[in-house]
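With numbering that gives the first Met the number 0 applied, the sequence shown closes on residue 422, and no number is skipped along the way. Heads up, the thing below is written out as structure tokens.
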Amino acid sequence: MTDAEGRLRDRLVESLLACGALLVLCVLVLAAEPEATPAAFLAVAGFGALAVLGARLPRLALVLTVLGIFAYYTVDLPPLGMVLPATASLYLAAARGRTIWAAGGAAVLLAIATYFRLTGGDDSARFAPYEYVTEVALAAAAIALGLATRLARERRRQAQRIAELVAAEQAHAVERQLDEQRLRIARDLHDSVGHGLTVAALHASVAAEELETADASAAAREAVELVRTANAGTLRELRHAVRTLRSDRPGAGDPGLDESSADPSGEDDPGAGAPDADPLGADPLDTDPLGAAPLVRTAEQAGILATVDIGALPPLPPELAAAARGILTEAVTNVLRHAGARELRIAARAAEGGLELEVVDDGAGASSLRGGSGVPGMRERAELLGGALRVRSRPGRGCAVRARLPLGAGAGSGSGAGEGAAP
């Protein structure tokens with residue numbers, strides 16, 4: 000059943016109830032009249048039928064009822080009162096929001112009744128205002144009941160609408176929580192597992208090159224090659240898992256570089272920093288909150304001259320320190336895998352209420368835009384804290400990753416300022 004059909008059914012039931020109440024009252028009044036005739040009862044049935052018509056056409060039903068009352072008294076039928084036959088129509092008109100029509104109909108009935116009483120030559124006409132108190136009260140009661148019914152109906156509809164909105168908001172909140180959980184899992188996989196596999200792949204490649212130049216057995220070479228193959232397969236599976244977890248997020252595959260640059264992360268690189276556990280054995284976080292020492296060691300092992308320029312930093316909230324470590328480690332991992340750089344600089348400083356991070360290399364830069372999860376992951380980390388990240392990379396001129404995170408920011412303070420300029 001549609002909403003329109005449901006409303007029509009409710010209106011019909013309401014009009015039938017009003018019709019029944021009207022018929023009962025009128026029959027009781029006529030039963031006390033010794034001059035009541037079948038025509039009077041038939042007229043009462045007609046008033047009831049007009050009340051049913053009020054379910055669809057309340058104004059028309061009210062007009063016809065007023066005219067019917069005039070016709071009723073024109074043919075000299077037993078008195079029913081001027082307002083009683085119209086109570087159902089007055090109620091239904093007010094209940095349908097036609098309050099002015101209801102008040103106007105009652106006023107016409109009372110005015111015409113008063114006019115005829117005053118011009119009918121009855122000596123008691125001077126008492127008409129007092130005699131009509133009951134009529135006025137009956138009309139006011141019918142209209143007030145209709146208004147109350149309409150207001151109650153509106154309140155029920157509003158309550159239902161509010162309940163629907165609350166349910167929709169709760170559903171959206173659940174969806175947001177699930178999305179946040181998926182992104183968190185993707186970042187955790189990307190950072191800890193991905194970085195560990197990337198470092199393992201790097202060392203396996205170095206070992207394979209050494210074995211090619213050394214007097215090693217075929218079994219050793221085969222074992223190293225199996226390690227490299229298994230590691231590459233695991234990396235592919237990890238990339239697929241991260242993409243799946245991030246697949247319904249708009250722009251998940253967009254590295255988000257400047258227009259004049261391309262993604263330095265190359266192929267879908269899952270490598271990123273592990274904020275809670277460094278597979279290389281990072282220095283304690285109280286002395287190296289940004290995890291720069293293991294990054295330098297990894298770069299030097301890959302034959303890259305790494306320099307660190309970290310100024311005096313205030314105590315960093317855990318969320319901010321974790322995000323900074325993730326951004327720095329992701330940027331360094333991209334350099335190790337794709338840049339072919341000879342030199343690398345890692346810098347961090349506190350300035351103007353923010354933590355500024357910078358990773359710059361002199362590698363080949365990026366020549367094409369390839370949609371890995373590395374740069375979006377770094378940008379997400381910055382945005383979650385209300386910060387911003389920008390990557391500049393040009394072929395043959397190296398790559399620079401710069402981020403700014405507000406000091407004192409927490410995980411829930413993100414402002415979504417993803418496109419703001421970083422230092």
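All residues carry an ideal CB built from backbone N, CA and C; glycine is no exception. Nothing here was measured: the structure is a model prediction, and the numbers come from that model.
Neighbour-count burial assignment, residue i, 16 or more Cβ in a 10 Å radius
i: G104; result: buried
i: A402; result: buried
i: S392; result: buried
i: T396; result: Sequence check: residue 396 is Arg here, not Thr. Answer is exposed; the Cβ neighbour count stays below 16.
i: I99; result: exposed
i: T73; result: exposed
i: R156; result: exposed
i: G376; result: buried
i: H337; result: buried
i: R55; result: exposed
i: L256; result: Bear in mind that a pLDDT of 35 at L256, under 50, signals an unreliable position, so the number given afterwards is only what the model happens to contain. Result: buried.
i: E168; result: exposed
i: P394; result: exposed
i: S260; result: With a pLDDT of 36 at S260, under the threshold of 50, the modelled position of that residue is not reliable, and the figure given next carries that caveat. S260 comes out buried.
i: R238; result: buried
i: D275; result: Because the pLDDT of D275 is 38, which lies under 50, any placement of that residue in the model is unreliable, and the question is left without a value.
i: R160; result: exposed
i: A87; result: buried
i: A323; result: buried
i: G353; result: buried
i: V192; result: buried
i: N333; result: buried
i: R378; result: buried
i: A301; result: buried
i: L150; result: exposed
i: E174; result: exposed
i: A305; result: buried
i: E357; result: buried
i: T36; result: exposed
i: L66; result: exposed
i: E351; result: exposed
i: R95; result: buried
i: L177; result: exposed
i: L164; result: exposed
Closest residue to residue i among the options (Cα-Cα distance)
i: S204; options: A231, R175, A217, E153; result: A231
i: G387; options: V374, P394, L404; result: Here the sequence assigns Ala to residue 387, which means Gly is not the residue at that position. Nearest C-alpha to A387: L404.
i: A138; options: G362, L108, F40; result: L108
i: D441; options: R348, R336, A320; result: Given a span of 0 to 422 for the chain in the structure shown, any question on residue 441 remains unanswerable.
i: L315; options: G290, L237, E379; result: G290
i: F40; options: A50, Y71, L66, R160; result: Y71
i: R58; options: L354, P84, P288, Y90; result: Y90
i: A106; options: R95, L117, A85; result: A85
i: R296; options: R344, A322, I326, T148; result: R344
i: E318; options: E329, R380, E342; result: R380
i: L383; options: A321, A199, C398; result: A321
i: A141; options: E163, A102, L150; result: A102
i: A199; options: R175, V226, V173, E179; result: V226
i: A311; options: P288, A305, L294; result: P288
i: G373; options: A346, R242, T306; result: R242
i: E355; options: T233, C398, D361, L406; result: L406
i: P78; options: A38, L117, V51, A110; result: A38
i: L327; options: L210, A346, A172; result: A346
i: G325; options: R183, L61, L117, R97; result: R183
Those residues which DSSP pairs with residue i across a bridge
i: P405; result: G353
i: E342; result: L304
i: S216; result: Its beta-bridge partners do not exist; DSSP assigns none.
i: A399; result: V359, R391
i: I309; result: A347
Rounded Cβ spacing between residue i and residue j (contact assumed at less than 8 Å)
i: I303; j: A340; result: 6 Å
i: V331; j: A292; result: At roughly 12 Å, the Cβ-Cβ gap does not stay under 8 Å, so V331 and A292 are not in contact.
i: A93; j: G145; result: 3 Å
i: E153; j: G80; result: At roughly 31 Å, the Cβ-Cβ gap does not stay under 8 Å, so E153 and G80 are not in contact.
i: L76; j: A42; result: 6 Å
i: L63; j: L49; result: 5 Å
i: A219; j: L210; result: 6 Å
i: L335; j: L201; result: 6 Å
Below-8 Å beta-carbon distance, residue i vs any chain B residue
i: R175; result: Of the protein chains in the structure, only one exists, and it is not chain B.
Inset, instruction - Identify every run of the alpha helix (DSSP H) within the stretch 55-100, keeping only runs that are complete inside it and at least 4 residues long; order them along the chain. - result: 57-73, 86-94
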